[in-house]
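The working numbering numbers the first residue of the sequence shown as 459 and each following residue consecutively.
Read the structure below first, then the notes.
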Amino acid sequence: MATNPMQRKARNSFLLGMLIMLIITGAIIAFLILQLTNMKKEEKELQASYVTVYTLNRNVESGEEVTEGDFTITQVVNANAPTDYLTPSDLGTNMIAKIAMTTGTVLSKEMIYVDETVTGNDVRKQEYNMFILPTDLETGDYIDVRLQLPSGTDYIVVSKKKVEIPVISGVDSTDTISIELSEDEINTLSNAIVDAFKVNGAKLYVNKYTEPGIQEASTPTYPVSQEVLQLINGNPNIVEQARNALWNRYNAQDSSGVQTQAEQRNDVINPAVQTEEADGNYEANMEESITNSITTRQEYLEGLSAAATTTSTTNTTSN
């Protein structure tokens, strides 16, 4: 059937409008798809620019032990993270801070040392009250114990030991510390104590490591007596490795290549300690040390009793 020109024009206009609308709709859809694609790409790029790191949730000192409870997992911009940032695979059971750090520090592998050393079966906590202590010594510090003789000779007896100071009635003890020692170290330090007690003007003193997290332990230089060396060699509680190390050190020449420790012992220490006066000094100093130990122990127990009484009284009052 024939159509008039007006109808044809209207139909063509409608078709043209539909075509234009489809083109516009297609363009909008294409634009939206492009925008969505760009957004996803930017999101991936943004995610790639962030890394998951560990940050500290408290301040720590150099040489202080840290645990996973001291870490907070967070995300930071990759550019702001150290290149060797700490990851879960870097964590261990005995982690030590190499340097002092503040809350919020992003941790790197260079900041944390994982000590894989296994505590030996012969390690015991020993308490001593005859050392001269630094004024600012605190629990958690690392120390060397040294013996100085009136001649000016100065020996490292045991090295890099973590200190624990007993608390008596809420106050740190002024003369007593605890350190963990192996069997050979206990014997060595006992020998040094005897020598210090026997010689007038000798002193056993403690010095601190300034950055224990990054400083290596000193090499002990104190020459034990032949009697103690024989005791150590025959002691089944001392592992072979420690026994050999002590024996090698005893027979090795000093840094100048002149004397062995055995020769230093015979030339410097033995003449000073093998006298009647030395024996008398030892008895007097040992009595003083024992008296100090008894007094410290009594004060400690009295402090515990007082604390228990205070707690009991507080509980009774509150009820």
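The beta carbon of each residue, even a glycine, is placed where N, CA and C say it ideally should be.
Distance, residue j Cα to residue i Cα
| i | j | result |
| --- | --- | --- |
| asparagine 665 | leucine 595 | 9 Å |
| proline 729 | tyrosine 600 | 33 Å |
| threonine 561 | threonine 545 | 18 Å |
| proline 463 | threonine 483 | 30 Å |
| asparagine 693 | glycine 628 | 39 Å |
| arginine 516 | serine 636 | 26 Å |
| glutamate 526 | lysine 498 | 35 Å |
| lysine 620 | leucine 605 | 18 Å |
| tyrosine 758 | glutamate 638 | 20 Å |
| isoleucine 491 | alanine 558 | 52 Å |
| alanine 539 | aspartate 548 | 16 Å |
| glutamate 523 | threonine 530 | 16 Å |
| threonine 753 | glutamate 735 | 27 Å |
| leucine 687 | lysine 656 | 19 Å |
| asparagine 695 | serine 648 | 16 Å |
| glutamine 722 | glutamate 669 | 31 Å |
| asparagine 441 | threonine 632 | Residue 441 lies beyond the range of the chain shown here (459 to 777); nothing can be said about it. |
| serine 471 | alanine 485 | 21 Å |
| valine 603 | valine 535 | 46 Å |
| glycine 550 | glycine 738 | 51 Å |
Terminal residues of the alpha helix (DSSP H) in which residue i lies
| i | result |
| --- | --- |
| glutamine 606 | Not the alpha helix (DSSP H): glutamine 606 falls in the beta strand (DSSP E), residues 600-606. |
| alanine 686 | The identity of residue 686 in the sequence shown is valine, whereas the question assumes alanine. Valine 686 -> alpha helix (DSSP H) spans 684-691. |
| valine 731 | 728-731 |
| glutamine 719 | 719-722 |
Host beta strand (DSSP E) of residue i (start-end)
| i | result |
| --- | --- |
| phenylalanine 589 | Neither: phenylalanine 589 is in no beta strand (DSSP E) and is coded neither H nor E. |
| lysine 656 | Where lysine 656 is concerned, there is no enclosing beta strand (DSSP E), although the alpha helix (DSSP H) it sits in stretches over 641-656. |
| isoleucine 623 | Where isoleucine 623 is concerned, there is no enclosing beta strand (DSSP E), given that its DSSP letter is neither H nor E. |
| glutamine 533 | 529-535 |
| threonine 632 | Threonine 632 -> no beta strand (DSSP E), and no H or E assigned at all. |
| methionine 569 | Neither: methionine 569 is in no beta strand (DSSP E) and is coded neither H nor E. |
| threonine 781 | The shown model of the chain, from 459 to 777, leaves out residue 781, and the question about it has no answer. |
| tyrosine 680 | Segment: none, tyrosine 680 is in no beta strand (DSSP E) and carries neither H nor E. |
| alanine 555 | 553-555 |
| leucine 544 | Note, leucine 544: premise wrong, no beta strand (DSSP E); not H, not E. |
| asparagine 517 | Counting along the chain, asparagine 517 falls outside any beta strand (DSSP E), and DSSP gives it neither H nor E. |
| leucine 662 | 661-666 |
Rounded Cβ spacing between residue i and residue j (contact assumed at less than 8 Å)
| i | j | result |
| --- | --- | --- |
| isoleucine 626 | glycine 761 | 5 Å |
| isoleucine 623 | threonine 593 | The Cβ separation is near 13 Å, so there is no contact. |
| serine 676 | serine 617 | 4 Å |
| threonine 634 | valine 726 | Contact doesn't hold; Cβ gap of about 29 Å is too wide. |
| alanine 660 | leucine 607 | 5 Å |
| threonine 679 | tyrosine 613 | 5 Å |
Residue i at chain C interface by Cβ criterion, 9 Å
| i | result |
| --- | --- |
| threonine 525 | The chain labelled as chain C is not found in the depicted structure, where only one protein chain is given. |
Report yes or no: do three or more beta-carbon pairs, one from the region 632-645 and one from the region 582-593, lie closer than 8 Å? yes
With contact counted as at least three CB pairs below 8 Å, one residue from each stretch, are the region 649-666 and the region 677-688 in contact? yes
At least 3 beta-carbon pairs within less than 8 Å: the region 563-572 vs the region 511-519: yes
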